[in-house]
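Asker: One structure, pasted below without further comment.
Protein chains: 2
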Amino acid sequence: MNTILEALLSRRSVKPKHLTQPVPDFETLKLAAQAALRAPDHGALVPFRFILIREEDRAHLADLFEASAIRLGYDDEKVQRTRSKALKGPMLVAFVTRIDPHHRIPAVEQELTAGAAIAQFLLAIDALGFGAITLSGSILEDPELQSAFCLDANESLAGWFTIGTPDESTQKLPETREAPISVWQP
Amino acid sequence: MNTILEALLSRRSVKPKHLTQPVPDFETLKLAAQAALRAPDHGALVPFRFILIREEDRAHLADLFEASAIRLGYDDEKVQRTRSKALKGPMLVAFVTRIDPHHRIPAVEQELTAGAAIAQFLLAIDALGFGAITLSGSILEDPELQSAFCLDANESLAGWFTIGTPDESTQKLPETREAPISVWQP
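Written out as structure tokens, the structure is:
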């Protein structure tokens, strides 16, 4: 089987606790973000962007997560767990979608492009020798957290990537589920 | 640069007129659909599926496209153009999303997974020696066309892939746009 197909069929997310140093430098992240630009993108709208959170800003992000969790009415234990998410894993990159109204290209098609961009980005991160996981969570519902990353109401903080070097426990298992494909019966 | 990164940075859609025979067999399509399963998929919901339209059913699909175009009030010229879309290119595969309500995973996150599945599928098709393009169009707004592919109201026909072998005119150009990444300024 060829290298690319093998990479596709064995792609996996790596949990933050299994991600270690080193992390990609900014030039490497740029390559992965460029790979994301090659997602199928009707009208070349680029309805997404990536935002690196510097190491020195993660404590501030933890404060924002905590404040969001409190606003959303979480109990103390969940507030602390939410806070800790900003500090887990060696590197954090936020993912923002930008869905501008378009006369021909519906919002859902732009969301699919943003999703395809995520896959291209993650595959590039893997190909560059690193590993990652996409994370989300109900704190994304908090408008104040959203406004810390988004330029206007058309942008949404959709989640973030934790990135690093997979530790030795990380195994690549082949896909065994049945392929989700059938033949049309009109 | 490594093979996988190169494939990601040069991925491109191939227009139907530049797609020729041969087309992938069903086993090959199944491999690509399995690759789609490796998209990041919170909760392993698999919010998507692929449907091959057999060659002998494309005339019937053209009738459906035409009927949709008429219902949507298109002029004669656009009705004929819409009809012809069902007949263009060597192979058609429909893409259906399935967004079931979930207590923890919002619809938009499931849409992103479906988009990531598209990227994984297209990259696998390329890696297997073929080429493809994702197509959509305003006829997707027609509920009767939707019901010809969808099992219930949670499913949506999101578009289709035209697949074949790229002709000699197809060039792989490197990505030159600036990477859509910045550093967070809290």
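Chains L and X, in that order, are what the protein sequence lines are. Take 0 as the starting number for the first sequence in numbering that gives the first Met the number 0 and just add one per residue. Take 0 as the starting number for the second sequence in numbering that gives the first Met the number 0 and just add one per residue. All residues carry an ideal CB built from backbone N, CA and C; glycine is no exception.
Show which residues of chain L have a CB atom less than 7 Å away from the CB atom of X:V45.
Answerer: Here the neighbours are P179.
Asker: From X:G136 to X:A68, what does the alpha carbon distance come to, in whole angstroms?
Answerer: X:G136 and X:A68: Cα-Cα distance of roughly 11 Å.
Asker: Extract the residue ranges of the alpha helix (DSSP H) inside the stretch 108-175 of chain L, only unbroken runs of 4 or more that lie entirely within it.
Answerer: With a minimum length of 4 residues, the continuous alpha helix (DSSP H) runs that stay inside the stretch 108-175 of chain L are 142-146.
Asker: Give a yes or no on whether the minimum CB-CB distance between X:F129 and chain L is below 8 Å.
Answerer: For X:F129, the answer is no, since every Cβ of chain L falls outside 8 Å of its Cβ.
Asker: Where X:M90 and X:G128 are concerned, what is the direct C-alpha to C-alpha distance, given to the nearest angstrom?
Answerer: Each residue's alpha carbon lies about 15 Å from the other.
Asker: Tell me, please, whether the CB atom of X:H41 is closer than 8 Å to any CB atom in chain L?
Answerer: X:H41 counts as touching chain L.
Asker: Considering just the uninterrupted stretch of the alpha helix (DSSP H) at X:R80, what are its terminal residues?
Answerer: Taken as a continuous stretch (DSSP letters only), the alpha helix (DSSP H) holding X:R80 covers 75-84.
Asker: So that I know if they touch, is there some Cβ in chain X lying closer than 8 Å to that of L:E143?
Answerer: It does not: the Cβ of L:E143 has no partner Cβ on chain X nearer than 8 Å.
Asker: Judging by CA-CA distance, which residue of X:A58, X:P39, X:V107, X:A131 is the nearest neighbour of L:A157?
Answerer: Nearest option by C-alpha distance: X:V107.
Asker: For X:A6, tell me which candidate among L:L28, L:L36, L:K14, L:L18 has the shortest Cα-Cα distance.
Answerer: X:A6 has its Cα closest to that of L:L36, out of L:L28, L:L36, L:K14, L:L18.
Asker: Sort X:S155, X:I138, X:P173 by Cα distance to X:K77 and report the nearest one.
Answerer: Nearest option by C-alpha distance: X:I138.
Asker: Taking just the CA atoms, how far does X:S9 sit from X:P173?
Answerer: In a straight line, the C-alpha of X:P173 is about 5 Å away from that of X:S9.
Asker: Rounded to the nearest angstrom, how far is the Cβ of X:T96 from that of X:S155, given a contact under 8 Å?
Answerer: So it is a contact: roughly 5 Å between Cβ atoms.
Asker: Whose C-beta lies closer than 7 Å to the C-beta of X:A115 among residues of the same chain, with five residues either side of it excluded?
Answerer: Excluding residues within five positions, the ones whose Cβ falls inside 7 Å are A38, P39.
Asker: So is X:T164 in contact with chain L if we call contact Cβ pairs under 8 Å?
Answerer: No, no contact with chain L.
Asker: Hey, would you say L:I124 sits closer than 8 Å to L:A93, going by beta carbons?
Answerer: Not a contact, by the Cβ cut-off of 8 Å.
Asker: Just confirm the distance between the C-beta atoms of L:S18 and L:T161, as a whole number of angstroms; I'd bet it's less than 8 Å.
Answerer: Per the sequence shown, residue 18 of chain L should be read as Leu rather than Ser. Going by Cβ atoms, the distance from L:L18 to L:T161 rounds to 6 Å, so yes, they are a contact pair.
Asker: At which residues does the alpha helix (DSSP H) containing L:S12 begin and terminate?
Answerer: Taken as a continuous stretch (DSSP letters only), L:S12 belongs to no alpha helix (DSSP H), as it is neither H nor E.
Asker: Distance, Cα to Cα, L:V182 vs X:A31?
Answerer: Taking the straight line from one Cα to the other gives about 15 Å.
Asker: Could you give the first and the last residue of the continuous alpha helix (DSSP H) run that contains L:R103?
Answerer: Counting along the chain, L:R103 falls outside any alpha helix (DSSP H), and DSSP gives it neither H nor E.
Asker: Relative to the C-alpha of X:F101, which candidate in X:H41, X:P15, X:E65 has its C-alpha closest?
Answerer: Checking the sequence shown, residue 101 of chain X turns out to be His, not Phe. Ranking X:H41, X:P15, X:E65 by Cα distance to X:H101 puts X:H41 first.
Asker: Answer yes or no: do X:A126 and L:L122 have a C-beta to C-beta separation smaller than 8 Å?
Answerer: No; because the gap between Cβ atoms is not below 8 Å, this pair is not in contact.
Asker: If you run the structure through DSSP and keep just helix, strand and coil, what is L:E71?
Answerer: The displayed chain sequence assigns Leu, not Glu, to residue 71 of chain L. Reduced to three states, the DSSP call for L:L71 is coil.
Asker: Less than 8 Å separating the beta-carbons of L:I50 and X:K29?
Answerer: Not in contact: L:I50 and X:K29 (Cβ atoms no closer than 8 Å).
Asker: Output yes if chain L places a C-beta closer than 8 Å to the C-beta of X:H59; else output no.
Answerer: Taking Cβ atoms only, chain L reaches closer than 8 Å to X:H59, which makes this a yes.
Asker: In terms of residues, what are the limits of the alpha helix (DSSP H) holding L:L30?
Answerer: L:L30 -> alpha helix (DSSP H) spans 25-36.
Asker: State the CB to CB distance for the pair X:I117 and X:Q109, rounded to an integer number of angstroms; the pair is presumed to be in contact (CB under 8 Å).
Answerer: Not quite, the Cβ-Cβ distance comes to about 13 Å (not below 8 Å), so this is no contact.
Asker: Mapping the DSSP letters down to three states, classify L:A178 as helix, strand or coil.
Answerer: Here L:A178 sits in coil by DSSP.
Asker: Once DSSP output is grouped into helix, strand and coil, what is the label at L:L44?
Answerer: Coil at L:L44, not helix or strand.
Asker: Using the Cα positions of L:P15 and L:G88, report the straight-line distance between them to the nearest angstrom.
Answerer: Rounded to the nearest angstrom, the two C-alpha atoms are 5 Å apart.
Asker: Using a Cβ-Cβ cut-off of less than 8 Å, list which residues of the stretch 106-131 of chain L approach chain X; keep chain order.
Answerer: Against chain X - using a Cβ distance shorter than 8 Å - the residues of the stretch 106-131 of chain L are V107, E108, E110, L111, T112, A113, G114, A115, A116, I117, A118, Q119, L121, L122, A123, D125, A126, L127.
Asker: Mind listing the chain A neighbours of X:E174? Cutoff is C-beta to C-beta under 8 Å, in chain order.
Answerer: The displayed structure is made up of protein chains L and X, and chain A is not among them.
Asker: So with Cβ pairs under 8 Å, would you call X:P23 a contact of chain L?
Answerer: Chain L, which has no Cβ nearer than 8 Å to the Cβ of X:P23, makes this no.
Asker: Does the Cβ of X:R103 have 16 or more other Cβ atoms within 10 Å, making it buried, or fewer, making it exposed?
Answerer: It counts as exposed.
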